Amino acid sequence: MTNPSCYVELHAHSYFSLLDGASSPDELVNRAQTLGMSLLALTDHDAVYGAPRFVQAAHKAGIRPILGAELTLDDYSHLTLLVKDEQGWQNLCALITAARHNAPKGEAVLSVGALEGHTGGLIALSGCRQGRIARALLKRDKAAALSAANDLLRLFGTTNFWVELQHHRLPDDNRLVAHLAALATHIGMGVAATNNVHYAAPDGHLLQDVLVCIRDNTTLDESNKLRPNSEYYLKSGNEIEALFAAYPQAVTNTLRIAEQCTFELQYGLQELPRFPTPCSLTADTYLHQLCIKRAMQLGFAIHTYEQIDYELRVIHNSGLSNYFLIVWDIVRYAREQGILCQGRGSAANSLVAYLLDISPINPLSHDLVFERFLSSERQVVPDIDIDFDAARREEVIQYVYQRYGLEHAAMASTFVTFRARSAIRDVGRSLGLPLDVLEHVTTSLDVHQSRNLHDSTSLKDALGGQIEMQTWQQIVQLAEQLDGFPRHLGIHNGGMVITEMPLAHRVPTEPATMTDRHVTQWDKEALEDIGMVKIDILGLRMLSAIAEAVSLISENSERVPDLSQLTFDDPAVYNMICTADTVGVFQVESRAQAQVLPRLNPRSFADLIICISLIRPGPVQGDMVHPYLRRRDGEEAINYLHPLLEDALKETLGVILFQEQCLKVAQSIAGFTAGQGELLRRALGAKNTGAAIDKFYNDFIAGAAAKGVETDVAETIFNRLRAFGGYSFPKSHAASFAVLVYHSAWLKCYHPAAFYTALLNNQPMGFWSPAILINDAQRHSIPIYPVDVNRSQYGCILEDKGIRLGFNYINGFGEETGKKLVEARGGAPFEHLKDFRQRVMLSRNLMENLIAAGAMDIWQQPRRNLIWQLATFQNDVKMLNLISASEAIALPVLSQAEKASMEYGITGLSTGSHPIVFYRLQLNQHGILSSLQFNQHPTGNKVCVAGLIVVHQAPPTAKGYRFITLEDEHGFINLIVKPKIYVEFRRIIRSASLLLAEGQVQRQGTVTNLIVERCMPFKGL
Amino acid sequence: MIACISIPYFAAHVMRSAQDSKPMIMARYKGGRGKVYAACETASDMGVKPGLALSHARALCPEAEVLLASPGQTRRAVEGVLETLSEYSQWVEAERHAAQSATVYTDIGKLTPYDGQQIARQIIQRLAEKGFQASIGLASNKFVASVVAKRMQTGSTQLVRKGEEAAYLVGCPVTYLPLDAETARRLDLLGLRQMGQLAGLPRAALIEQFGTLGKRIHLLSCGEDTRRVAKYIPPITQTATCQFDAAVEDRFVVESVFASLSAELMLQLADQQMACREVLLTLHLDDHTELEASGVSREPLSTSSSLYRFVQQVSERLRPHCGIIEVGLRLNQIAPLVPRQLSLFDQPQVEALHTIMLGLSERYGVDCFYQVEVHAHAARLPEFHFHLEPVAAA
Amino acid sequence: MTRLFGGGVLIDVALQNGALPKHFRWQRRVHPVKGVTNTWRVDFGWWRLRIWRDYFKLHTTTGLLVVIYHDLLTDSWYLQTIYD
């Protein structure tokens, strides 16, 4: 630790000065702590993105944080502002908001006039070399410098304006500092030394140079914006004193300034808009009324009212009554507009949320725990997440903006951060490496976070000996340092913040890419740290598909299905799920699910909840899946380490699967309150689990002892929690999703045509491509009709108990073009190509696509002849009544295989036979099995199969194993490829679309896999 | 009789040293993005084709060595082949853009089939001695000869007799025709995949469908090609070198050598009123390796200062890792600086014309008749291209 | 004529207070420093060849106005420029 000095760094940039600052706020704070500093300012460019994190880190280090920003004025000069008090903070937020809304996205420009009336509570420093005063002096324009100084003096006053001196050992720094100091003396102002810090330690300049190149999309060799030396780090007081030996007051003044900046960031819930209640009821009372009314309508038993009261009390104590009413109002609006929606996540643990129709789950029926959502012990205010029909989500967002006003509502931002791939690509480009080399290296990168690059084996494999070269060493080191760095700002997927006062009083906002949207400068984590609550208005395409399916059913029949009345107990639906006939069904259609469902054999809603929770990376990694399945199959005994655990774990046969179970275990064994259990659960899932969990250990052991549980048993249970708790899944979330699983399965079971049509019209979604959905529909005896110029609409429609594909599946057909065609058709079908050409102005390529897709087959003319005719139209030969030379052309006849191939090329699917059908005879002759035959084979047999590759997965948890699914005309064949086999046949697997695979059958119950030993390309047949 | 010599994977042969066994891809870069310029046979078999994005090519053939393409080196190798063939005929011509494969035509005159095949075998042998594996097609026209050559295995030759061209081409794929990507796509869509199918269609119908290209591909599919083989004109080059007694690392010294070599070469060109456009710079290093870079200037280089500046630009691509012992400079694409104008009159007629012009200018005024002198035809502004002088004053 | 010595000419420099040059030896002659007009620091080119130097523009009692630099990587001193 250096000798304490009175120097305070008042001008520092963190990496929240995007692609400019090269240290995190934490690194700056740590450096300040090492230097013995007790105060530090953060002044990122036109932003306070990092303020909450900086404040948290500073407090932890015992340093008083000073907040501020470096603003860009309309002449592109810089001005450093520091916040003294609450008024200063509000003014700073207002100025930043104004600057951001005055420039394109990602930029900020503040008109000097905007400073008027917004300088209270702020201290201004004249800025770096880009400051108006310094800039003028560098141009030797003393008059301009003086004028600029006087302007700032007038705006901020004599006590709140200081001339900023910086010395980075540049050739003209001595002269500039002298002139600035002289000017300050001339106008009677003080001077303050700063170092315009861009990185914590001197070696940070490497990364800072690279960030500048990434920002400017140039290379280190070509950039002319790199700083000439490495002096822009957080210096000790002694170093600064040495630089400003001639101006000691510049150093001491920094402390004088810092001492005036006493602003503390306000934590806690924002003041929410007061929800208008009838008869001037308070929010608490109105909320209570709504809940009781609904409970009575549902005929709830008496004891449930105790739970209602309890929850309302906690909600009131947390100051969230208004929040619940706001959410209730949004959901009410959506339902009135016929927009499907439902809550998800931890809110499903709340009975109040259920009674307000926010959540579809009655927590009492599913043994959920309210404290998983909200408790008096929990410091963090939870958000409520709601899924809406994706196609209509924007209506809901606009409703919120209109109801509360643009100044009072904004989306939460999110930071797109550097990951391993983007870090290597960007750093490599800045070092001048060609893109293709970088893409080659990053394509098969086996690490996600760039901090793990030194562990990457794929990197070493791709580079070989080159990895020892200086350039690649530099790339890896710098890319590792970029881990977690924000790259640019995005919009959080649906999080909205609403406030009573203008939002800009609390946090600045800036425009998003989408028009009429703006975002807060704090992301989800920062908002949570501050304690502000948001509402997550999310879009879910499955809701869109369900809504559309219901609409199609009601258009085509007299009965309108009311999914809300379904009782989740239809055996036919569960039969379908248990046979893994789940293509298109929400959450349970994946290959992994299909492997497990026949074993898991779900027969109830509770089973569906387990299905959703079990097949996740977490439980797979935590090794919970197989123990559960073995117990379910009766292969393993169900035992509990202590009888007290039975209540908590019996629904999952003794395996910890749900986050709610962690709370219950803590309650049952150690007597924790549910709230304390939730805190333990959060600690289990936190990043640095060790320290966070340890503090619960003693309480747990002591509580267990008080309940008569032996210490060693308690320790074992606690270790189990430690091992599995971090991988558990929220049951409430799974329960909400289980509703959609059941609804989508029910629709597939009873109204498959409408269901598939809706899925096809709401792509992209789900696990499977449209081609697979089509094939699955055909296997369910649903006719699929090709696109037809006389029958199709833009989207797919029901027709004759089948599905007519829409123009949306023709390459190049947008919605406008599709609607134009339908309009031109009107009520009169197109008679022939010329008729079509005359009535619909389409480009030749689009017409060709229509012909190739079979959309004009209705005229009974060969497709090739139609395509040939297209060219003759352009010559207008017929208009001259000349005989066209093309009239008698005989072109080769299109085979069925060629037709299918043509359709695939244009639409991505084929309504005719599966491509394998064309080779089936040949395959049979060679003894190659179809999926039907394969799935009958006993385990251990060596067989050969063939199919179209439709899935190729390489899960990170699978230790190099690959899972491939082939499809033929009858269904799927699942392949498991060991790492060594994959390496040997990688090229074939990667380049083939049709694959032959030989190996051994592995059968487990009704699930059959092929353990691959050899792969061959199709043409090798 | 026209012989078409096809040398597949030409650029790879040019770049590869004898010991190389790894697959090879040659790439060119633009804006940081690489594209395949040419590939060796092994890489081609794995799907690497010219024009493919390099990242895609690497994915197809990860073990391939990627080298920076050197079109200049490829072109010089083609020149070498042309020079060899010029010993057999003065009518020798290379197809442009030799990279993946080189295609050269030579008109070997009226020969019997036997003699023609003999000559072809000799040529194959000669080229094999130079390290090139060629196949040769013999026919009455360039197109048929080229199809024959490209369908043969290297080291072999085949003759298509006059009158049998159409029959030969019947089963040949249309990919041998000079098609742009869109036409190729449409032909495939229409199921027209063999030249026999095209030949069987009415020419007017193909013209209607594909315009003038339709006529051309119909003619070619019928085995008709009227293009002649051009006469071979060997290129003019000028070379200068400078050797150092001891290896030099000082950039200033090397650049002063560039200046003196540029001056020396430009003196030679100036004497002949020539300019050059291509420069090949070779640095021989202390460790017996060589670095080479070449460049083609947009404007002809006709002064030593412009040549020196261009050489400096080209040299920036080279990064010598040790001392330089020799600098070599070679100028290619040398052409007359000033366009030669055909003289319509002989000397007595020129003098008589001058006398007449003087008389006319006396009669009508000295500012009516001017003599034109071409001054700097490469100058950017037209008014500097020539100089006008009144006849009377001349 | 101002002379620029490319990469610089190696010289011996004695320091005062461990920081500023006191005198330097060049061409077998000692040149005591009369005054340092300007100093600056360069740290550049780390991705190829790092150049990390402290420059001093100074005049000597022997009547020279020069720029010398201290190569911070090799701890060597060089004479860069002599002004006329």
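Chains as they are written, first to last, in the working numbering: chain V, 162 to 1182; chain Y, 2 to 395; chain H, 1381 to 1464.
All C-beta atoms, glycine included, are put in the ideal place defined by N, C-alpha and C.
These numbers were taken from a predicted model, which means no experiment stands behind them.
Indicate whether at least one CB of chain V lies closer than 8 Å to the CB of residue i.
i, result
"H/Arg-1421", "yes"
"H/Asn-1397", "no"
"Y/Gly-192", "yes"
"Y/Gly-329", "no"
"H/Trp-1427", "yes"
"Y/Gly-35", "yes"
"Y/Arg-59", "yes"
Going by DSSP, what residue range makes up the beta strand (DSSP E) through residue i?
i, result
"V/Thr-681", "679 to 684"
"V/Glu-671", "670 to 672"
"H/Val-1413", "1409 to 1424"
Restricting to Cα atoms, I'd like to know which of the options is closest to residue i.
i, options, result
"V/Val-557", "V/Thr-195, V/Ile-227, V/Met-657", "V/Met-657"
"Y/Leu-199", "V/Leu-1052, V/Arg-1164, V/Leu-1090, V/Ser-175", "V/Leu-1052"
"V/Tyr-1080", "V/Ser-1092, V/Ala-1058, V/Phe-1095", "V/Ala-1058"
"V/Arg-455", "V/Cys-422, V/Arg-965, V/Thr-423, V/Trp-489", "V/Trp-489"
"V/Ala-896", "V/Glu-976, V/Ala-989, V/Ile-771, V/Val-983", "V/Ile-771"
"V/Ala-938", "V/Ala-915, V/Gln-248, V/Glu-976", "V/Ala-915"
"V/Leu-664", "V/Val-577, V/Met-572, V/Ile-500", "V/Met-572"
"V/Arg-580", "V/Leu-594, V/Asp-607, V/Val-561", "V/Asp-607"
"Y/Lys-413", "Y/Arg-17, Y/Ile-3, Y/Thr-227, Y/Ala-70", "Summary: the structure shown does not reach residue 413 of chain Y, with chain Y confined to residues 2 through 395, and so no result is reported for it."
Taking Cβ to Cβ, would you say residue i is nearer than 8 Å to residue j?
i, j, result
"Y/Leu-55", "Y/Ala-28", "yes"
"V/Pro-134", "V/Phe-890", "For residue 134 of chain V there is no data in the structure shown, the boundaries of chain V being 162 and 1182."
"V/Ile-1077", "V/Gly-1108", "yes"
"V/Ala-867", "V/Gly-832", "yes"
"V/Leu-283", "V/Asn-252", "yes"
"V/Ala-285", "V/Leu-313", "yes"
"Y/Asp-287", "Y/Ile-326", "yes"
"V/Leu-934", "V/Val-744", "yes"
"V/Leu-1031", "V/Met-1017", "no"
Is the Cβ of residue i closer than 8 Å to any Cβ of chain Y?
i, result
"V/Cys-1176", "no"
"V/Ile-1028", "yes"
Taking C-beta pairs closer than 8 Å, name the residues in chain V that residue i reaches, listed in chain order.
i, result
"H/Phe-1424", "Leu-387, Pro-389, Asn-390"
Can you name the residues of chain V whose CB is closer than 9 Å to the CB of residue i?
i, result
"Y/Tyr-106", "Neighbours of Y/Tyr-106 on chain V: none; closest Cβ ~33 Å, over 9 Å."
"Y/Glu-300", "Under the 9 Å cutoff, chain V gives no residues; its nearest Cβ is about 25 Å from Y/Glu-300."
Hey, quick one: how far does the alpha helix (DSSP H) through residue i stretch, first residue to last?
i, result
"V/His-359", "Neither: V/His-359 is in no alpha helix (DSSP H) and is coded neither H nor E."
"V/Ser-893", "892 to 911"
Quick one: list the residues of chain V neighbouring residue i, beta-carbon separation under 7 Å, in chain order.
i, result
"Y/Tyr-38", "Simply none; closest approach about 13 Å."
Does residue i get closer than 8 Å to chain H when you measure Cβ to Cβ?
i, result
"V/Pro-595", "no"
"V/Leu-368", "no"
"V/Gln-431", "no"
"V/Leu-180", "no"
"V/Leu-331", "yes"
Can you name the residues of chain Y whose CB is closer than 8 Å to the CB of residue i?
i, result
"V/Ile-1050", "Leu-202, Pro-203, Ala-206"
"V/Leu-517", "Those do not exist, as V/Leu-517 stays about 53 Å from chain Y at its closest Cβ, beyond 8 Å."
Which chain H residues sit within Cβ distance under 7 Å of residue i?
i, result
"V/Leu-592", "Trp-1427"
So, does the CB of residue i fall closer than 8 Å to a CB anywhere in chain A?
i, result
"Y/Leu-69", "The structure shown contains no chain A; its protein chains are V, Y and H."
Given that residue i touches chain H, what residues does it touch there, using C-beta distances under 9 Å?
i, result
"V/Leu-381", "Gly-1425, Trp-1426, Trp-1427, Arg-1428"
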